[in-house]
Amino acid sequence: MTTALLAPAGLTVVGLVLVPLLLVVRNSFASADSYGGIQGGFTLANYQDLLDPIYLKVFGYSLGMAGLNTMVCLVLGYVVSYYLASRPPQRQMLLLLLIILPFWTDFLVRTFAWINLLSPGGPVNSLTDAIGFTDGPSQWIPSQGASFIGLVYAFLPTAIFPIYASLRGVDNSLGEAARDLGCGWWRVHSRVLLPIARPGMLAAALLTFIPTLGVFVIPVLLGGGRDQLVGNLIVTLYTEFRNQPMGAAASVVLLLLMVASMAVFGLAARRLRRKTA
Amino acid sequence: MKHALDTVTAWLARGVIAFLYIPIIVVVVLSFNDSEITYKWDGFSTRWYGKLADNTELLAALQVSAEVALISATLATACGLLAAMGMARLRGKGKAIFSGGLFLPLIIPEIVLGVALLSVFGAMSADLGMTTLVLGHLVVTLPYAALIVLGAYNALDSSLPEAATDLGCNAWQAFRRVTLPLLRQPLLAAWLLCFTISFGNIVMSTFTNGVGSTTLPLRVYSMLKGGLTPEINALGTLLVLFTLLIILGVGLRQMRRVLVGADRS
Chain A
602 MTTALLAPAG
612 LTVVGLVLVP
622 LLLVVRNSFA
632 SADSYGGIQG
642 GFTLANYQDL
652 LDPIYLKVFG
662 YSLGMAGLNT
672 MVCLVLGYVV
682 SYYLASRPPQ
692 RQMLLLLLII
702 LPFWTDFLVR
712 TFAWINLLSP
722 GGPVNSLTDA
732 IGFTDGPSQW
742 IPSQGASFIG
752 LVYAFLPTAI
762 FPIYASLRGV
772 DNSLGEAARD
782 LGCGWWRVHS
792 RVLLPIARPG
802 MLAAALLTFI
812 PTLGVFVIPV
822 LLGGGRDQLV
832 GNLIVTLYTE
842 FRNQPMGAAA
852 SVVLLLLMVA
862 SMAVFGLAAR
872 RLRRKTA
Chain B
1066 MKHALDTVTA
1076 WLARGVIAFL
1086 YIPIIVVVVL
1096 SFNDSEITYK
1106 WDGFSTRWYG
1116 KLADNTELLA
1126 ALQVSAEVAL
1136 ISATLATACG
1146 LLAAMGMARL
1156 RGKGKAIFSG
1166 GLFLPLIIPE
1176 IVLGVALLSV
1186 FGAMSADLGM
1196 TTLVLGHLVV
1206 TLPYAALIVL
1216 GAYNALDSSL
1226 PEAATDLGCN
1236 AWQAFRRVTL
1246 PLLRQPLLAA
1256 WLLCFTISFG
1266 NIVMSTFTNG
1276 VGSTTLPLRV
1286 YSMLKGGLTP
1296 EINALGTLLV
1306 LFTLLIILGV
1316 GLRQMRRVLV
1326 GADRS
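Just so you know, the protein sequences line up as chains A and B, in that order.
Here the first sequence is numbered in my numbering, starting from 602 and rising by one per residue.
Here the second sequence is numbered in my numbering, starting from 1066 and rising by one per residue.
As structure tokens, this is what we get:
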């Protein structure tokens, strides 16, 4: 009976996730036939090919963008979560609803919304013209900056939820007590509230950093496709170059980056704990 | 006394919430713009919605997306419910391993999951189409369905179905007449969220769609590569409205439980 109940989900996970992942690892060591398909054999050539400066640049740029995006999302996520958590309960519900709507709004809509905003002569440009910041149409899109704004916009709600989840149970009087005992604003946050928010911050960091590496829509639509993330590299290798073994190798590298970042974030969280304990 | 920095961060937080809304509001407003140029206001018009209704390619893609979302959400919710009932009977290591596997797709980058499925379909020389799309979306939605249903199932008072059994119900009747009605709301929530996730999915679809099974997001993405049109803003507005309806359908309380955990107070 138990087996029968677990079978549908179990078969899905084994057949459509685990076995396929193992196949990707296998394919990353295979050589390509003349159509870019899998020929078999064993070679490290696909990984060696990824060491080409062009591809290394993609990995470096991705790590930089993902790191920066994670930092911005953590800071803004903490600020919003703290604001939410310190409101009265009824207000919190309403504000939370306000964040849920953009979170569930279609990913593409949230991306192309920025094309409207940042186009030369568009709303943002008109505003900067009005305050004298710019003079006439400005070419802000496509650019790295537009791409970065798109990334922050896409991941910010994702980062807010776990941080808010770790802060919302906190009694407001805890911060007040620390304040009464002579803690300044910074110390209330760094010694009392941030340590409480740490598990949420860690979850938010993982939910932002790893998925950012695999994004491909935003760099194409807002960045003009010039500065690519690992996600773009994988899509290009599979759908344009049709080099499956190399695409598989790039996917395995992405998996390794995922494991490495989990280890790094975990370690960082543990060190922080020792420092504040 | 309130610290000045509290005031500053409160305003920053309000600014961030505004930042989350401005792009969406601009899409909605510009969808009613009469001008061909999306961002130059030139009077009110609903003509882009009319044009949307005439776009047969887009309507075909909408149908594909709706069908795939309908089937994969149903499969994911059913699998999630069965898994939750099965997991309640597991103990110790087996339970930990199963739940680890179940939630694995949540941490693995979706693009890798897509590549992995494509590799398997390629190795089996399966034709890419509706079936492969549905399987791909099942992978993406199952963890969310499981998350919601598992939480609700574990919170269920197990003495209720037991009481039904004591009163002479067989296992199926106890499930059908007691467990299922009690889980109606979370099951609906799980289904709606899976539907939304599947409907908006673009990464998994990139690798699992075939000729004639282009989903709505894939179609919109290829349209966007040629530039943003007022028509796309109109479609975006409808999608925002759709999201709003889904959230109302799921209910705020349920939504909060999914996203930030159960009430601690």
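The beta-carbon is built from N, C-alpha and C at its ideal position, and this holds for glycine as well.
Contact between glycine 637(A) and asparagine 844(A) holds, since their C-beta atoms are separated by about 5 Å, short of 8 Å. Here serine 767(A) has Ala798, Pro800 and Gly801 as same chain residues with Cβ atoms under 6 Å from its own Cβ, once five neighbours each way along the sequence are excluded.
Beta-bridge partners of asparagine 1098(B) (DSSP): Phe1109(B). Among the CB atoms of chain A, none fall inside 9 Å of the CB of methionine 1195(B). Below the 8 Å Cβ cutoff, chain A contributes Pro609, Ala610 and Thr613 as neighbours of cysteine 1144(B), in chain order. If you look at glycine 641(A), you'll find it in the beta strand (DSSP E) that goes 639-641. Around the Cβ of glutamate 841(A), a 10 Å sphere holds fewer than 16 other Cβ atoms; the residue is exposed. Within its own chain, the residues whose Cβ lies closer than 6 Å to the Cβ of phenylalanine 1168(B), once the five positions on either side in sequence are excluded, are Pro1208, listed in chain order. At a cut-off of 9 Å between beta-carbon atoms, serine 1184(B) makes contact with chain A. With respect to the C-alpha of threonine 809(A), the residue from Val854(A), Ile819(A) and Met672(A) having the closest C-alpha is Met672(A).
With 16 or more other Cβ atoms inside 10 Å of its own Cβ, glutamate 1175(B) counts as buried. Val1073(B) is the residue among Tyr1104(B), Val1073(B) and Ser1096(B) whose C-alpha sits nearest the C-alpha of valine 681(A). For glycine 723(A), no alpha helix (DSSP H) segment is defined, and its DSSP state is neither H nor E. A direct Cα-Cα distance of roughly 10 Å separates valine 865(A) from leucine 858(A). Leaving aside the five residues that flank leucine 757(A) on each side, the residues in its chain whose CB is nearer than 7 Å to its CB run, in chain order, Cys674, Leu677 and Gly678.
Here the C-alpha atom of methionine 666(A) lies approximately 14 Å from the C-alpha atom of arginine 827(A). Secondary structure note for cysteine 1259(B): its alpha helix (DSSP H) is the uninterrupted segment 1249-1265. Sequence-distant Cβ neighbours of phenylalanine 1097(B) in its own chain, meaning closer than 7 Å and more than five residues away, are Phe1109, Ser1110 and Thr1111. Against chain A, the CB of leucine 1221(B) has no partner CB under 9 Å away; the residue lies outside that interface. A Cβ of chain B is located within less than 9 Å of the beta carbon of arginine 780(A).
Of the candidates Tyr1286(B), Ala1143(B) and Phe1260(B), Phe1260(B) places its Cα closest to the Cα of tryptophan 705(A).
Rounded to whole angstroms, the gap between the alpha carbons of proline 763(A) and leucine 807(A) is 11 Å. By the criterion of at least three beta-carbon pairs nearer than 8 Å, the stretch 735-752 of chain A is in contact with the stretch 811-825 of chain A.
Taking a 10 Å sphere around the C-beta of proline 690(A), we find fewer than 16 other C-beta atoms and assign the residue as exposed.
Counting every other CB atom within 10 Å of its CB across the protein chains shown gives asparagine 1266(B) a total of 16 or more, marking it as buried. At least one CB of chain B lies nearer than 9 Å to the CB of leucine 685(A).
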